[in-house]
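Q: Residue numbers (our numbering): 1 to 102.
Ideal Cβ positions, reconstructed from N, Cα and C, are used throughout, including at glycine.
Quick caveat: nothing in here was measured; it's all calculated off a predicted structure.
#1: Do you know offhand how far residue 22's Cα is from residue 77's?
#2: Go ahead and pull the three-state DSSP assignment for residue 78.
#3: Helix, strand or coil, according to DSSP, for residue 53 in the structure here?
#4: With a cut-off of 8 Å on the beta carbons, I'd call residue 72 and residue 61 a contact; round off their distance for me.
#5: Output the distance between the C-alpha atoms of residue 19 and residue 33, rounded to the nearest integer angstrom.
#6: Excluding the five sequence neighbours on either side, which residues of its own chain have a C-beta within less than 7 Å of the C-beta of residue 11, listed in chain order?
Right, dumping it as structure tokens:
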């Protein structure tokens with residue numbers, strides 16, 4: 001009789017402990033979501049500099065001259081920038097998903 005009572009009490013304590021660990025896990029995820037939302041909100045409210053509002057990359061490179069246009073064409077700057085950007089996004093997403101392990 002005493003063994004059944006202690007086993008039942010042990011099972012109840014294990015269930016409470018499991019519920020408590022799940023609660024802490026959920027609490028951390030809620031906190032992390034709020035922190036990330038706050039960061040997104042801050043970045044969305046930062047205005048663009050006035051200097052950059054009238055400029056574009058095309059206009060800056062167009063005024064650079066024929067030698068710069070030749071170098072951009074020869075070195076394939078557009079496609080290489082796309083590849084480098086994709087690699088950077090992959091690196092950042094991989095680091096976030098694996099929590100920086102590799």
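A: With the structure as the only source:
#1: By one-based count along the chain shown, residue 22 stands at place 22. By one-based count along the chain shown, residue 77 stands at place 77. Their Cα atoms are separated by approximately 50 Å.
#2: The count along the chain shown starts at 1 and reaches residue 78 at position 78. Three-state DSSP puts residue 78 in a helix.
#3: Counting from one through the chain shown, the residue named residue 53 turns up at place 53. Residue state for residue 53 is assigned as helix, using DSSP reduced to three classes.
#4: Within the chain shown, residue 72 is the residue found at index 72, counting from 1. Within the chain shown, residue 61 is the residue found at index 61, counting from 1. With 8 Å as the limit, residue 72 and residue 61 qualify as a contact, their Cβ atoms being about 7 Å apart.
#5: Here the question's residue 19 lines up with position 19 in the chain shown. Here the question's residue 33 lines up with position 33 in the chain shown. Straight-line Cα distance between these residues: approximately 21 Å.
#6: If you number the chain shown from 1, residue 11 lands on position 11. Non-local beta-carbon contacts of residue 11 in its own chain, meaning distances under 7 Å to residues more than five positions away in sequence, are absent.
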